[in-house]
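When the letters of the sequence shown are read in order and numbered with my numbering, they come out as residues 1148 to 1216.
Only one structure is covered here, and it is reproduced in the block below.
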Amino acid sequence: VPDIKGAVDLMFERGELAHTRPTRWHAPRAVAIWLPIWLGPVLLIWEFTGSASVWTEIGGFFSVMAVVT
1148 VPDIKGAVDL MFERGELAHT RPTRWHAPRA VAIWLPIWLG PVLLIWEFTG
1198 SASVWTEIGG FFSVMAVVT
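Written as C-alpha cells, this is what we have:
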C-alpha cells in the first residue's frame, strides 16, 4: 500500500496550518460570536411574547436539547 499524503498532511509538513493551533483566545472568541447567534432568537421571542409563551418554551427546549445531544 503506497503512503499517499493528502493536501492537509502536506500543508502541515510545510507549516502552513499555524492558524489551526489552539490559543487561549479561540474558545472565548467562538463563544462570544456563536452564543448571541444561538440565544439571540430565543431571547427576542421571550422579549416580545413573554416567558409563558409556547414559542419561548419551544425555543428553550430545543436549545437545551442541542446541548444535551
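Cβ coordinates follow ideal geometry from the N, Cα and C atoms, glycine included.
Spatial neighbours of Trp1202 in its chain, beta-carbon cut-off 6 Å, leaving aside the 5 residues before and after
Ile1192 and Thr1196
With a threshold of 7 Å on Cβ separation, who are the neighbours of Met1158 within its own chain once the five nearest residues in sequence on each side are excluded?
Leu1164
Three-state secondary structure (DSSP) of Ala1174:
helix
Give the secondary structure of Ala1213 by DSSP, where H, G and I count as helix, E and B as strand, and everything else as coil.
helix
Under the rule that 16 or more other beta-carbon atoms within 10 Å means buried, what is Gly1153, buried or exposed?
exposed
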